[in-house]
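Residue numbers (our numbering): 204 to 482. For glycine and all other residues, C-beta sits at the position ideal for the given N, C-alpha and C. What you are looking at is a predicted structure, and each value in this text was computed from that prediction instead of being measured. Shown next, in structure tokens, is the structure this report addresses.
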């Protein structure tokens, strides 16, 4: 379907049916504009492109304010371009001005979530309940379609690390999409590196050095989801040598905290223990 299927002009006589009533089934964005408005000419094509891209995820209704002044008054439009998002017959959000495309996309995620957004929300819920494999399955679907989706990439790193798949997690971290999520991904790197190394080197199972033996035993426990036992082992290593392997046990524990989240009871408990040992 072309963009004309999702973009249309509305007037004072058609607004109720084409925007208000339609919004009970599908979100509708009303774009208040005028032919003489320069910023409108910048924003309009972006909105039309995204409407076509959404393939029915939302409709775009174009309102010429010169021809429909009563609609401007009705919805409090004082400057243009102005966008009002309608859902279930009501204005639920909006913005004024020709904002950049990335910000328009962020706005759309809030008012007109698409199938990818729904899938990502489901995956995040699965991560929160530690259904790692189920989350991984959904995240793979997203990343196949949108390989540079940073939120999905971070979720995938968490899902992989939680299942002991350190090497695959590192591959994603090494080529991580731009975005604020990269900070959280880097926090998981030391844990991913540890898991990758223990999975690929069986010599660690017969390590003669007691400190190293305990360190790699902790890695195996973490790889199997036994976080408390794994962190107990790392704490023992740190109590004996705070600088063991350049402070790796501390970095790995911070990675576990990032994996579990700040509100997890284990994070709260072991963060305090870690601080007591280090300081």
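How many Å lie between residue i and residue j at the Cα?
i	j	result
residue 471	residue 465	7 Å
residue 379	residue 429	27 Å
residue 376	residue 259	34 Å
residue 297	residue 336	38 Å
residue 240	residue 284	8 Å
residue 467	residue 329	15 Å
residue 390	residue 218	50 Å
residue 245	residue 301	6 Å
residue 421	residue 436	5 Å
residue 339	residue 399	18 Å
residue 458	residue 392	7 Å
residue 364	residue 332	15 Å
residue 253	residue 272	26 Å
residue 461	residue 247	41 Å
residue 304	residue 319	18 Å
residue 264	residue 402	55 Å
residue 238	residue 231	21 Å
residue 334	residue 370	20 Å
Taking only heavy atoms of the ligand HEM into account, decide whether any of them is closer than 6 Å to the Cβ of residue i.
i	result
residue 425	This structure simply doesn't include the ligand HEM, nor any ligand for that matter.
Would residue i pass as a contact of residue j if the rule is Cβ separation under 7 Å?
i	j	result
residue 360	residue 372	yes
residue 358	residue 342	yes
residue 268	residue 275	yes
residue 216	residue 292	no
residue 299	residue 279	no
residue 323	residue 355	yes
residue 233	residue 266	yes
residue 353	residue 382	yes
For residue i, does the three-state DSSP call read helix, strand or coil?
i	result
residue 345	helix
residue 252	helix
residue 333	coil
residue 236	strand
residue 313	helix
residue 293	strand
residue 404	coil
residue 323	helix
residue 365	helix
residue 205	Any reading at residue 205 must be qualified, since the residue scores a pLDDT of 38, below 50, and its modelled position is unreliable; the value itself is stated next. Residue state, collapsed to three classes: coil.
residue 265	strand
residue 301	coil
residue 212	strand
residue 446	coil
residue 280	coil
Can you round the beta-carbon distance between residue i and residue j to whole angstroms, since I take them to be within the 8 Å contact cut?
i	j	result
residue 433	residue 424	4 Å
residue 222	residue 213	6 Å
residue 307	residue 249	6 Å
residue 431	residue 469	6 Å
residue 481	residue 445	6 Å
Does any residue of chain D bring its CB to less than 7 Å from the CB of residue i?
i	result
residue 308	Going by chain labels, chain D is absent from the structure shown, which holds only one protein chain.
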